[in-house]
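Peer 1: The structure under discussion is supplied below as structure tokens; questions concerning it will follow.
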Amino acid sequence: MRVGVEVGGTFTDLVAIGKEGIRVAKVPSVPSRPDEGAFNALLASGLTIAEIEDLAHGSTVATNAVLERKGFPTAFVTTEGFRDILALQRHNRTSIYDLEYQKPAPVVKRADCFEVSERILADGSVLTALDEAKVETALIPALKNGGYEAVAVCLLNAYANPAHEEQLRSIIQARLPDLHVTLSSAVTREFREYERASTAAISAYVQPVIDRYIGRFEGRLAENGFKGRFSVMQSNGGRLPAEAMRQSAVTALLSGPAAGVMGATRQASRSGYENLITLDIGGTSTDVSVVTGGKPGLTNEFMIDGLPVRIPVIDINTVGAGGGSIIWIDEGGMLRAGPQSAGADPGPACYGRGGKLPTITDAHVIRQTMRPEAFLGGRMQIDPEASRAVFKPIAEHFGMTLEEAADSAIQLANANIVRAIQLISTERGKDPRDYVMIPYGGAGPLHAAQVAQDLGIRTIVVPPNAGVMSAYGLIASDFVQFESMTHRAVVDVGAGDLVRGIFKEMKDRALTRFHELGLDSNLRLDFIADMRFVGQAFEVPVALSEAEVAKLDGAAIQRLFGTAHEKIYFFGASSDKPIEFVSFRLGISAELADLPVLVETGDYSVEASEIELFDQRQKWQGTLMSRSQIGDGQILTGPMLLEDSTSTLFVPAGWSAAQDENHNLILTRAE
1 MRVGVEVGGT
11 FTDLVAIGKE
21 GIRVAKVPSV
31 PSRPDEGAFN
41 ALLASGLTIA
51 EIEDLAHGST
61 VATNAVLERK
71 GFPTAFVTTE
81 GFRDILALQR
91 HNRTSIYDLE
101 YQKPAPVVKR
111 ADCFEVSERI
121 LADGSVLTAL
131 DEAKVETALI
141 PALKNGGYEA
151 VAVCLLNAYA
161 NPAHEEQLRS
171 IIQARLPDLH
181 VTLSSAVTRE
191 FREYERASTA
201 AISAYVQPVI
211 DRYIGRFEGR
221 LAENGFKGRF
231 SVMQSNGGRL
241 PAEAMRQSAV
251 TALLSGPAAG
261 VMGATRQASR
271 SGYENLITLD
281 IGGTSTDVSV
291 VTGGKPGLTN
301 EFMIDGLPVR
311 IPVIDINTVG
321 AGGGSIIWID
331 EGGMLRAGPQ
341 SAGADPGPAC
351 YGRGGKLPTI
361 TDAHVIRQTM
371 RPEAFLGGRM
381 QIDPEASRAV
391 FKPIAEHFGM
401 TLEEAADSAI
411 QLANANIVRA
421 IQLISTERGK
431 DPRDYVMIPY
441 GGAGPLHAAQ
451 VAQDLGIRTI
461 VVPPNAGVMS
471 AYGLIASDFV
481 QFESMTHRAV
491 VDVGAGDLVR
501 GIFKEMKDRA
511 LTRFHELGLD
521 SNLRLDFIAD
531 MRFVGQAFEV
541 PVALSEAEVA
551 KLDGAAIQRL
561 FGTAHEKIYF
571 FGASSDKPIE
581 FVSFRLGISA
591 ELADLPVLVE
601 TGDYSVEASE
611 IELFDQRQKW
621 QGTLMSRSQI
631 GDGQILTGPM
641 LLEDSTSTLF
651 VPAGWSAAQD
661 ENHNLILTRA
671 E
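Going by full-length UniProt numbering, 10 is the number at position 10 of the sequence shown; the sequence numbering is gapless.
Listed below in structure tokens is the structure:
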């Protein structure tokens, strides 16, 4: 029995796949106690916890700790003279016309930042040894008396030589064994001092949060007889055993969206689709990503609340266009959708939990593209009159009918989603027309056709049980861990030997680490060199297979870099400018021996009938069916609504749908 439980901002989803078939569950999240929401999902599924062999979990705990500043008291230790690095940050302004602009607040206050006397140079040589006496007399008492639960250590140039960081950790742990110690060299061995410091500080800040959360979860599982494997999802698209995640909490920041991308990639590949644009619309936000050749794109840095985190993550763009996104009128009298959200509490007005503001979900109820009696497969009652009441002021402001106002709100949300997809596709040299769209999340299938049409995409692949795709992605993901290191060197005739030496060093460390975790089978290695023309400010990632590394020489490296640079910047393949390595990244994966198969559960049925709905500023006569009623080879034409227990699919006029042998519903647009 494999079970995935994903805690989202509005709903907590569960997918269980075993010998007895598939079970799915979707229950409201409990924002203040996310582990309670996860156990509510287990209870709603009717599973016997003692029979679960593989439980994978993803949650927003780490993300919320940063966004809401609810981590534990954390200290920051750095080299003498660099105490203010977290406050100084970079000299850029993310909002250049804001006269009252302020830099994002770091998770560690200046009063909690400390210095030690030491200095390592950029080549790794020691200029000044760590002053252990001052550490004992000044730093240790300050940490002891400060009430800290965690400490982040980020010493200058520790990426080149971590000896002083490791020495400092030994002293702190010997004197203060209950203090969580995070080293920047263990989190990211890359240069750019501020980004490394920010990553280490955030990692330390959420470490006790994740540690205690996992501890509580494991305790409740043990009370219910659980003896299986418990793993936690990471932002990079892979999971780790729970014990390992306690030492790598920062990698859990975007675990939910990453799980969705992996689940969508796995499910679409069963039908032969490898170039995908994923569209995950949940209750709070919309997450989009591009998958090329069956592999989600990775980026080595992202921002959370304006603060950089330099770790490998799936390249996901997020906009505030979820089902709970609030519809409002700005100071100029224009209609807006999001980014503020009603979330799970109080939620959209139609939930009947005290929500007083119109949302995207309310708009769908008014348009009748979402039926009140079908919400969560009929397990949750919603109030259509509440939706109409909160939309009335907006309709009156614009002189529209309620249906027109609701339709305008949804078209606006769609436009925001289209722009989000363009940012990670068109603006990065990828034509959306060369991809298929795979929508999921509770509202993804409702918006997919219009978004795809605006992007010129002609094929949409809607997976079974699309509303719980992120939960499926948890159990369909491999065990993965990444490490990185900076090593700057100019590409010359000896570059091949340099790369082979670094690859072997990183490979040996990764294999040892996975062996210690009990992950020894079906291992795969991914190696990336971050390179640039000498003088450039930013790098281009160049993927290298193990076979390519074995036969690399300087000329081959130049060709590979030129090709990668050309794809992004449209020049570089024929350039004779000098090239340099900047850093290297290695990912190790323990691939699943057998992929759990997701199919339509068939536990939801509605009588086929004619319905009336509103779309594109006009009324349509359409058809209502449940997905379980679709026959083999049957071709359906829009407009129509197709429902299952986790989501509703809207097929507009001009689109047709047919289900393939893998239970994926394939939508195509007429010429």
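Every residue, glycine too, gets a C-beta built ideally from N, C-alpha and C. Just so it is clear, the structure is predicted and the values come from calculations on it, not from any experiment.
Excluding sequence positions up to five away, which residues of its chain have a Cβ less than 7 Å from the Cβ of N224?
Peer 2: Excluding sequence neighbours, N224 sits near I49 and A50.
Peer 1: So V499 and A529 are supposed to be a Cβ contact under 8 Å. How far apart are they, rounded?
Peer 2: Confirmed, about 7 Å.
Peer 1: Looking at the strands, I want to know which residues DSSP matches up with V14.
Peer 2: Note on residue identity: the sequence assigns Leu, not Val, to residue 14. Note: L14 sits in a beta bridge opposite V5 and A25.
Peer 1: Among S325, W328, M303 and P308, which residue has its Cα nearest to the Cα of Y317?
Peer 2: The displayed chain sequence assigns Asn, not Tyr, to residue 317. Considering only alpha carbons, the answer is M303.
Peer 1: In chain order, what are the residue ranges of uninterrupted alpha helix (DSSP H) at least 4 long that sit wholly in the region 343-383?
Peer 2: Those alpha helix (DSSP H) runs which fall completely within the region 343-383 and span 4+ residues are 360-367.
Peer 1: Counting only the same chain and skipping the five closest in sequence on each side, list residues whose C-beta sits under 6 Å from that of I457.
Peer 2: Around I457: P432 and M437.
Peer 1: List the whole-angstrom C-beta distance separating V288 from T278, where the pair is believed to meet the contact cut-off of C-beta under 8 Å.
Peer 2: About 6 Å; that satisfies the 8 Å criterion.
Peer 1: Where do the N-terminal and C-terminal ends of the beta strand (DSSP E) with F533 fall, by residue?
Peer 2: F533 -> beta strand (DSSP E) spans L523 to F533.
Peer 1: Could you tell me which residues DSSP pairs with V116 in its beta bridges?
Peer 2: Answer is T79.
Peer 1: Would Q618 be called buried (16 or more neighbouring beta carbons within 10 Å of its own) or exposed?
Peer 2: Answer is exposed; the Cβ neighbour count stays below 16.
Peer 1: Would you call H663 buried or exposed, if buried means 16 or more other Cβ atoms sit within 10 Å of its Cβ?
Peer 2: By the 10 Å Cβ count, H663 comes out buried.
Peer 1: Leaving aside the five residues before and after L240 along the sequence, list all residues of the same chain whose C-beta is less than 8 Å from its C-beta, in chain order.
Peer 2: For L240, where only same-chain residues beyond five positions count, the Cβ hits under 8 Å are S231, V232, Q234, S248, T251, F479, V480, Q481 and L517.
Peer 1: Provide the residue span of the alpha helix (DSSP H) that contains A152, from first to last.
Peer 2: Per DSSP, A152 belongs to no alpha helix (DSSP H); it is in the beta strand (DSSP E), A150 to C154.
Peer 1: Assuming I171 and V135 form a contact by the criterion Cβ under 8 Å, report the distance between their Cβ atoms to the nearest whole angstrom.
Peer 2: About 6 Å; that satisfies the 8 Å criterion.
Peer 1: Nearest-angstrom Cα distance between residue 673 and L179?
Peer 2: Only positions 1 to 671 of the chain appear in the structure, and residue 673 is not among them; the question remains open.
Peer 1: I'd like to know whether the C-beta atoms of P393 and C350 end up nearer to each other than 8 Å.
Peer 2: Cβ distance not < 8 Å, so P393 and C350 don't count as in contact.
Peer 1: Quick test of your reading: L130 and F82, contact by CB under 8 Å. State the CB separation rounded to the nearest angstrom.
Peer 2: No, L130 and F82 are not in contact; Cβ-Cβ is about 15 Å, not under 8 Å.
Peer 1: Can you check which of these residues, E53, S32 and A25, is closest to L43 by C-alpha distance?
Peer 2: Nearest option by C-alpha distance: A25.
Peer 1: Between which two residues does the alpha helix (DSSP H) carrying M303 extend?
Peer 2: First-last for M303: F302 to I304, but that is the beta strand (DSSP E), not the alpha helix (DSSP H).
Peer 1: Would you kindly work out how many angstroms separate the C-alpha atoms of E505 and K227, rounded to a whole number?
Peer 2: Answer to the nearest angstrom: the Cα atoms are 36 Å apart.
Peer 1: So which of D35, R367 and V451 has the shortest CA-CA distance to G219?
Peer 2: The residue with the shortest Cα to Cα distance from G219 is D35.
Peer 1: With three or more beta-carbon pairs closer than 8 Å as the criterion, would you say the region 603-620 touches the region 306-324?
Peer 2: In short, these stretches do not touch, since the Cβ pair count stays below three.
Peer 1: Could you tell me whether the region 405-415 touches the region 332-352, where touching means 3 or more Cβ pairs closer than 8 Å?
Peer 2: Flag = yes, the region 405-415 and the region 332-352 touch.
Peer 1: Taking the DSSP output, what are the residues bridged to D615?
Peer 2: For D615, which the question treats as bridged, DSSP gives the partners Q618.
Peer 1: Excluding the five sequence neighbours on either side, which residues of its own chain have a C-beta within less than 8 Å of the C-beta of V66, listed in chain order?
Peer 2: Once the five neighbours on either side are set aside, the close Cβ partners of V66 are V107, I202, Y205, V206, L253, I304, D305 and L307.
Peer 1: Tell me the DSSP bridge mates of H487?
Peer 2: DSSP output for H487 lists no bridge partner at all.
Peer 1: In this structure, does DSSP put E36 in helix, strand or coil?
Peer 2: E36 falls in the helix class under three-state DSSP.
Peer 1: Who are F217's beta bridge partners in DSSP?
Peer 2: According to DSSP, which records beta bridges pairwise, F217 is partnered with nothing at all.
Peer 1: Would you list the one or two residues that DSSP bridges to I588?
Peer 2: Bridge partners of I588: Q481 and L525.
Peer 1: Going by DSSP in three states, N317 sits in which element: helix, strand or coil?
Peer 2: The answer is strand: DSSP assigns N317 an E or B state.
Peer 1: CA-CA distance, I85 and S198?
Peer 2: Going by the C-alpha atoms only, they are around 9 Å apart.
Peer 1: Just confirm the distance between the C-beta atoms of L423 and I366, as a whole number of angstroms; I'd bet it's less than 8 Å.
Peer 2: Between I366 and L423 the Cβ distance is about 30 Å, and since that is not below 8 Å, they are no contact.
Peer 1: Tell me the DSSP secondary structure of R669 in three-state form.
Peer 2: The answer is strand: DSSP assigns R669 an E or B state.
Peer 1: Between the region 657-671 and the region 458-478, do three or more beta carbon pairs fall short of 8 Å?
Peer 2: With the cut-off at 8 Å, the region 657-671 and the region 458-478 touch.
Peer 1: Tell me whether M437 sits in a helix, a strand or coil according to DSSP, three-state version.
Peer 2: M437: strand per DSSP, three-state reduction.
Peer 1: By Cβ distance, which residues of its chain are closer than 7 Å to I52, with the 5 residues on each side in sequence left out?
Peer 2: Here the set comprises M1, V3, F226 and G228.
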